[in-house]
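Numbering (our numbering), first residue to last: 958 to 1142.
Structure representation (structure tokens):
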């Protein structure tokens, strides 16, 4: 309904801008120094995705172990904006929903370009939380519900994105059925 009603009167440019805002606070850019096990996990899992993104978009992504992240280059932002604006409005809605839920442009684009699965993206975006759960324990009714709700939202976002951006041929149901009947007779 949001795509049809468009209550925010969003155009491709405004949707692309709202997605682009997340690059300055992308989850994969903020790392910890302690505990070492979590730091190692972030490096092992996130560095390949940052590397893929840098290669894909011909840029350098700053990574920090503080609360301050160096500004992203204007070249990166303009190139990413061009890429985002190449999508139609409905596809951008799906991408925006994925980005908002994953808190990461990098993960969302890796998802839509099929570099990672929904489960991998969700696990990467929740890495710190899952690390804490492994250490302190899981509260089934809370942690499991959050995990499954996030997977569901990201899956829906990806499905909406794919449905609205990929070229596909549609045939008339009646025509193909009639041709099938003729060939059987």
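Just so you know, even glycine gets a beta-carbon here, dropped at the ideal spot from N, CA and C.
Q.
I'd like the ranges of any alpha helix (DSSP H) spanning at least 4 consecutive residues and lying wholly in the segment 969-1005.
A. 969-977
| query | Are three or more beta carbon pairs between the segment 1012-1027 and the segment 1101-1121 nearer than 8 Å? | reply | no
TODO: Could you round the C-beta distance between residue 1064 and residue 1081 to whole angstroms and report it? I think they count as a contact, below 8 Å.
DONE: 6 Å
| Collapsed DSSP secondary structure at residue 1056 in the structure displayed | helix
* Asked: Can you tell which of 1078, 987, 1069 and 982 has the C-alpha that lies nearest to the C-alpha of residue 1115?
  -> 1069
Open item on the list: Quick check on the DSSP output: the alpha helix (DSSP H) that includes residue 1045 runs from which residue to which?
Closed with: Careful: residue 1045 lies outside any alpha helix (DSSP H) and carries neither H nor E.
Inset, instruction - Give the DSSP-derived three-state secondary structure of residue 1120 in the structure shown. - result: helix
Does the distance from the C-beta atom of residue 977 to that of residue 1053 stay below 7 Å? no
Beta carbon of residue 1026, beta carbon of residue 1003: below 7 Å?
no
Practice item. Whole angstroms is fine: what's the gap from residue 1046's alpha carbon to residue 1110's? Key: 19 Å
Quiz item: Under a Cβ-count criterion, where at least 16 other Cβ atoms within 10 Å of its own Cβ denotes burial, should residue 1120 be classed as buried or exposed?
Solution: exposed
**Asked** What did DSSP end up calling residue 1023 once you bin it into helix, strand or coil?
**Response** coil
Item checked: Best match in 1093, 1097, 1092 and 980 for proximity to residue 1059 [C-alpha to C-alpha] -> 980
Checking 7 Å against the spacing of the C-beta atoms, do residue 1048 and residue 1118 come in under that value?
yes
| Expected contact under 8 Å - CB spacing of residue 1112 and residue 1062 to nearest Å | With a Cβ gap of about 18 Å, residue 1112 and residue 1062 do not count as contacting.
ask   = If you follow the alpha helix (DSSP H) that residue 1065 is part of, which residue opens it and which one closes it?
value = 1062-1069
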